[in-house]
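Report on the structure given below.
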Amino acid sequence: MTAELTCRDWPSGGRRPQRVDADGVPPVLVVGTTGDPATPYEESVSLAEQFPQGMLLTYEGLGHTAYGRGDACVTAKVDAYLVKGERVRPGATC
130 MTAELTCRDW PSGGRRPQRV DADGVPPVLV VGTTGDPATP YEESVSLAEQ
180 FPQGMLLTYE GLGHTAYGRG DACVTAKVDA YLVKGERVRP GATC
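In structure tokens:
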């Protein structure tokens with residue numbers, strides 16, 4: 130939990146998300162947390178859709194970020210993507 134304190138003074142609200150121009154990039158995995166107080170889940174959905182080969186892994190839980198927080202499902206899927214280049218299926222949820 131103390132890792133989240135580094136973000137507490139970052140500005141929030143009132144800003145419009147930027148569009149991604151990422152033609153030609155390899156497949157990108159976005160992990161979105163449904164109960165993230167800092168990054169609305171809808172922004173994760175939008176970001177994944179903006180990448181030509183974007184994938185969304187949904188973590189149904191609370192907190193800011195999902196990877197590295199102890200969820201075995203998220204860890205396994207992200208590690209498989211990073212180490213082996215394995216894609217997650219559409220609608221993948223942990």
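Taken in order, the sequence shown gives residues 130 to 223; the numbers are from the numbering used here. Note that the Cβ used here is the ideal one computed from N, Cα and C, for glycine as well.
Give me the Cβ distance between residue i and residue j, rounded to the nearest whole Å; I'm assuming they're in contact under 8 Å.
i	j	result
Ala221	Gln179	Actually they do not touch by this definition, with Cβ atoms about 18 Å apart.
Tell me whether residue i counts as near the ligand NAD, meaning its Cβ is closer than 7 Å to at least one heavy atom of that ligand.
i	result
Gln147	The ligand content of the structure shown is nil, which means the ligand NAD is not present either.
Which term fits residue i, buried or exposed, when burial requires 16 or more other beta carbons within 10 angstroms of its beta carbon?
i	result
Gly197	exposed
Leu158	buried
Asp138	exposed
In angstroms, rounded to a whole number, what distance separates the CA positions of residue i and residue j?
i	j	result
Asp200	Glu171	21 Å
Gly190	Ser173	14 Å
Val217	Val207	9 Å
Leu186	Val149	18 Å
In its own chain, which residues sit with a C-beta less than 6 Å from the C-beta of residue i, not counting the 5 before and 5 after it?
i	result
Tyr210	Leu158
Cys202	Cys223
Length at least 3, wholly inside the stretch 182-221: the beta strand (DSSP E) runs in chain order: For the stretch 182-221, whole beta strand (DSSP E) runs of length 3 or above, ordered along the chain, are 183-191.
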